[in-house]
Structures are given as structure tokens and as C-alpha cells.
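Chains as they are written, first to last, in my numbering: chain W, 3 to 403; chain V, 16 to 256.
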């Protein structure tokens, strides 16, 4: 431990002694590690972190699979109302199933009317996702009928931006499309599903709408029953789809269903881009490592005599190796800390760059996992950048003394 | 520890050949040498005679091409790199011509450096040894100074303290006065003489006959061989003629 302390003290002295070298090496490492931290923050938030819902592994998306002949190359398709109701009634694998779609409103009552993106949802929607409102309540089953459907639940953002975070808005009416809607509740800030939703309102199909089988406008989510996995659910949906094909050949011939974990479905568009970016910044870091290794090698020429003296006095190769690596690891850890400082700007840049592809419901930012990743990458970078110069110095001839 | 008078270094039939391209240089040719505990030996001879090569091999900084080398009765000529480093650290104290202090370490840290390579030495003992060694050479008041802030003579005294701190079996000095003026050179030679009087075993390489006279015994080298003083004079005369 004392020896390590000596090495760290000496390394700090060496770095202070060569401010130009230290600044260039730190900048190079900070850029490389910071870029990796930024990308990993997004990868972590989007691909690795579970969805911000209770027991997210149980949540799935159910799509129609259209007939290949009519829709070549398309593997997933929106769902029709009647088929959804049959799925819901006939399955034994889902604890809950819910359906939703986009619905636009014009919100009036303030100085300027505002276009609002609402999400019309079936009564099971909030229960399926297992979310609770921050204020008031969610939509009631009895509100899922046209006569009683003028009810909304506000998103936290709309509540903040349009209603000034006024809690009294709950229980009062707002005016949309010239009609009054009761504000039933406000959702918590971390609930942003689906991405577009500024508010939620009952689906409230009419009987005619419920019977439509050939028009596909809706998205379906489900929560698997305990002990049921995706493969079992898929098998069940295949059975139901075959049955519906036979019962309603005019509308359902060739139409199947596919069950996909909700998280996978939400990130399927962005996953390739994320992985390419991660690979690209890993290459950037590798280049940074090579550059720093070259700088250390160049600096090492002026240190050959010092290392020879140390070796003559009894330092083993391992000891010299450790001393040189201490310097590079110290550099990379400081570089990592600097990289961490600018990573949030990188995250913002990536979010802006991939704004239309990143799911809004996912929290992207620095967390413990990102910090650990940065620490591990910094450590590895220090070892990678230092190992070759360290080996070269450690194997030098002691007769130079 | 070896008792005074017992052989500490026993070298027999040692050769060292350097190969560069197609040229063979025989730096040492069948050297026999024995140094006893408590002895002060000076190795002298003309430039290129092999005295520094011999000192490097004695100090385990280099390996012989052939021959036998016993240090404290243990054969050391074929040890691996790590084992040689351990013996250098524990048994041998080096004093170099150009001091070889590390410029980025203080006087204290320079003297402490070889002790930090000993894994099991408590820091309190290390501190005691460093301060004792620095007091021994009269440099305890400069612990926080860097080598660049010291004169040549002071730097060499720090180097001697560094060699003493490890309480080695033998001190090896390679032209210890080579970079010093005559006054500082004499002071360092006095210091080595003091250490010898206190029981240290010293092997010193010098080409200066004045300083060689400080030693108990002089070993003369010529063309990689140990020769008697009279023979050296004869050979030198032949070369000059």
C-alpha cells in the first residue's frame, strides 16, 4: 500500500512536471472516455435499463402479422378493434390487455388555442402498465362509453406547461374541440407512454366501431400472467388467429399475430444505430489510447535512465511496470472524470440527433451503472495506453546506469 | 551475515564477451578475484581494461559469459532477472560516478527508494534507516531538497546514504570521485574510508592512483585480466613505447 502511495505521489509529480504532455493526454483521454460515457448513457437508458413500469419483463406488444402477399416486407401491423376484442376474450395468457390510439384535440380556454396530442385508451390501459396517477385518479371503466367519455388524465408536462402545475385543475372541466372534459387526474413526471401522449382519454367505442375487423388503427399491449412466457403467449395467439381466420375469412384470412416484449419493440428502430455509435466511439477511444501510448513512449525515452537507476537499486520488472501503469491509469482516471463532466452535453447532442427514434418514456442520463462503466473504461484505457510503454521501459537494460 | 575475513565475493575464471555485429570484444578474460568481508578493494587500470564491466557483474547489473561467481557462498551468475533485482536491493549498495539520483525525488525519497522495493519493511523502520544514513553522511539537514539544489559533493554524499540505507553486504563504487572537484573528491574518499573503518566491505573502481591508495588492496586490470602491479607498469610502458 505504501509503495502504491509512493507511485501515485511520483506519478502526480511527473504529470505536474510536464504540463503540456499532461494537458494533451488528458484532453485526448477525456474526449475518448467522455464520448463513450455519453453513448453508453443513451445505450444504458434505452437498451439496458428496464422500462419504468412495475414488472416490465411481463409487458408485451401484440401486433397483427399481415398476409405476406398483400404486404410484402411488412412483419408487424396495427390491430383492428374487433380482432382485439376477440384476442382479449379468448386468451388465457394475459393478465391484462389494453388498446390505444392517437386522438387529436384543440385545447381552448386560454389566450391561444393549442393542439394537443391525446391517447385514446381502453379501460385496462393504466392497469396493464400498473401505473398510478400523481393527482386525482385514472379513467374509470364506466367512462369507456361515448356518453360519459368526456374525461381526461393529463400528462405531467402538459399540467406543468399549460396549467401552471395548478393542482386545482383536477376535478374541473377544460374545453377541447368546443366540449367540456373533466380532468380526472395528472400522471407522474416519469410516465410518458406512448411517447406522443399529452393526455389520455377513454376509447369509448360505439357498437359500430367495436365491430370493425378490417380497419387497423390501434396498438395493443399486454401483461403476461405469472408463469407465462412470450413463447407461450405467441402459441396462444397463433391458435386464436387461426380460429379468427376461419371464422372471418373475408377480413382475417392470412392475418396472424406476433407477441414481442414491449421493451424490445420500443427500441427495435434505434438499437442498430445505438450499437453502431457504440462501436464508433469504442474505435475513437482505441485511437485515443494509441495516441496517448505514443506520447508516453516518446516521453519514456527521457525516462530510460531513471528506470535504469530504479532497476539497479532493486526494482523488479513488475515493480517498474506498475509504476508506469500507475501514471497512465492516473491520467486516464482524471481524463475519465473530465469526460464524465462533458458527457451530459454529449447525451443532449445524441438525444437531439436521434430525437425521433428514442422512446421518450425511457430515462436517459447518468446513473450508477454509467459511473461504473466510466470507471471501468478509464481503468482499462489507462492499462491499454500504458502497457506497451511500460513493458518497453521495464525491459530496458540496467547497464545504462 | 558473513564474519569478517571470510570471503564475500569469489570469482573464478570469469569471462565477458560483447558481441556487436561481427566483432567480439573480450572485456574480461579469465578473471579470478576474491573479496573478503570488511575488505576495501580498489580496482584500477587504464581505460577499457574491463574494470567497470567487472564491477557491473559483481553488482549483478550484468551477467558473465562464462565463469563462476559466488556471493556470500551462493552462486549468482545464472540467477533470473527478479532474483538478481532482489539481491541487488538487499546485498549491494551502489555509488555511481554520476551520482544517479532521481531528479524528481527529494533527498529523503532518493535514500528511501531502494527500501521501498523491500516488501515487508515497516515504514517506521524505513524512516529510521533513511535518517540514520543521511546523518552518517552529514546530509540530514537537506531531506526536503531536490538533487538539483545540491552541489556535486552533496549529491554524491546522498548517493552514499542511499547505498548505506539498505545495510548491504558490500558497497560498490564506480569512479565515485569522477564528477567531483579534488576537494569534494577527497571528502567522499574520506567518507568511504570512515565507512570501511566501521566495518563496511567496499569495492571501488578508480583510474586515479591517489584515490586507489585509500584502499587496503589494489587489483590491477589490463586487457580484461587481473595483473600484478609490476606487470601492469611493464605493460603500460610497452603500450606507451
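Note that the Cβ used here is the ideal one computed from N, Cα and C, for glycine as well.
Just so it is clear, the structure is predicted and the values come from calculations on it, not from any experiment.
Is residue 142/V buried or exposed, if buried means 16 or more other CB atoms sit within 10 Å of its CB? exposed
Helix, strand or coil for residue 301/W, going by three-state DSSP, please let me know. helix
Closest to residue 336/W by CA distance: which of 19/W, 25/W, 20/W is it? 25/W
Closer than 7 Å to a non-hydrogen atom of the ligand ZN - does that hold for the CB of residue 215/W? Summarising the ligand content, the structure contains no ligands, and the ligand ZN is consequently not present.
Nearest chain V C-beta to residue 163/W closer than 8 Å, yes or no? no
Just to make sure I have the definition right: I need the residues of chain V whose C-beta is within less than 7 Å of the C-beta of residue 385/W. Which are they? Those within 7 Å of residue 385/W in chain V number zero; the least Cβ separation is about 21 Å.
Check distances from the C-beta atoms of the stretch 306-327 of chain W to those of chain V and list, in chain order, the residues that come in under 9 Å. 307, 308, 310, 311, 312, 313, 314, 315, 316, 317, 318, 319, 320, 321
Please determine if the stretch 143-152 of chain V and the stretch 363-380 of chain W are in contact, where contact requires at least 3 C-beta pairs separated by less than 8 Å. no
May I ask you to report which of helix, strand or coil DSSP gives residue 50/V? strand
Would you decide whether residue 359/W is buried or exposed? Buried here means 16 or more other CB atoms lie within 10 Å of its CB. exposed
Distance, Cα to Cα, residue 257/V vs residue 104/V? Given that chain V is displayed from residue 16 to residue 256, the structure contains no residue 257/V and the question cannot be resolved.
Check whether chain W comes within 8 Å of residue 104/V, counting only Cβ atoms and requiring the distance to be less than that. yes
Given residue 185/V as reference, the closest of 232/V, 246/V, 108/V once Cα atoms are compared: 108/V
One question on the structure: do residue 277/W and residue 81/W come within less than 8 Å of each other, judged by their Cβ atoms? no
For the candidate residues 209/W, 254/W, 334/W, 357/W, whose alpha-carbon lies nearest to that of residue 272/W? 357/W
List the DSSP bridge partners of residue 59/V. 235/V
Sequence-distant residues of the same chain with beta carbon closer than 6 Å to residue 265/W, five excluded per side: 53
Between the alpha carbons of residue 17/V and residue 49/V, how many angstroms are there, rounded? Bear in mind that a pLDDT of 47 at residue 17/V, under 50, signals an unreliable position, so the number given afterwards is only what the model happens to contain. Using only the alpha carbons, I get a separation of about 14 Å.
Does the beta-carbon distance from residue 234/V to residue 56/V come in below 8 Å? yes
For the structure I just gave you, are there three or more beta carbon pairs, one from the stretch 72-80 of chain W and one from the stretch 141-149 of chain W, closer than 8 Å? no
Cutoff 8 Å; reference residue 275/W; Cβ partners in own chain excluding five residues on either side: 356, 359
C-alpha distance - residue 163/V paired with residue 123/V, whole-angstrom precision: 14 Å
Taking C-beta pairs closer than 8 Å, name the residues in chain W that residue 117/V reaches, listed in chain order. 308, 311, 312
Can you give the Cα-Cα distance for residue 182/W and residue 258/W, rounded to whole angstroms? 40 Å
Counting only Cβ-Cβ distances shorter than 7 Å, please list the residues of the stretch 282-307 of chain W near chain V, keeping chain order. none
Do the stretch 373-393 of chain W and the stretch 26-35 of chain V meet, that is, are 3 or more Cβ pairs less than 8 Å apart? no
To which residues of the same chain is residue 267/W closer than 6 Å at the C-beta, ignoring the five residues directly before and after it? 63
Could you list which residues in chain V have their beta carbon closer than 9 Å to that of residue 344/W, in chain order? Simply none; closest approach about 31 Å.
To the nearest angstrom, how far is the alpha carbon of residue 246/W from that of residue 254/W? 6 Å
Could you tell me whether any Cβ in chain B is nearer than 8 Å to the Cβ of residue 16/W? No chain B appears in this structure, whose protein chains are W and V.
Checking contacts by CB at 8 Å: is residue 4/W closer than that to chain V? yes
Unbroken alpha helix (DSSP H) runs of length 4 or more, entirely within the stretch 270-342 of chain W: which are they? 273-303, 306-314
Residue 106/V burial status per 10 Å Cβ neighbour count (16 or more: buried): buried
Just to confirm before moving on: does the CB-CB distance between residue 35/W and residue 352/W stay below 8 Å? no
Strand pairing of residue 114/W, partner residues [DSSP]: Answer by DSSP bridge pairing: none, since residue 114/W is not bridged.
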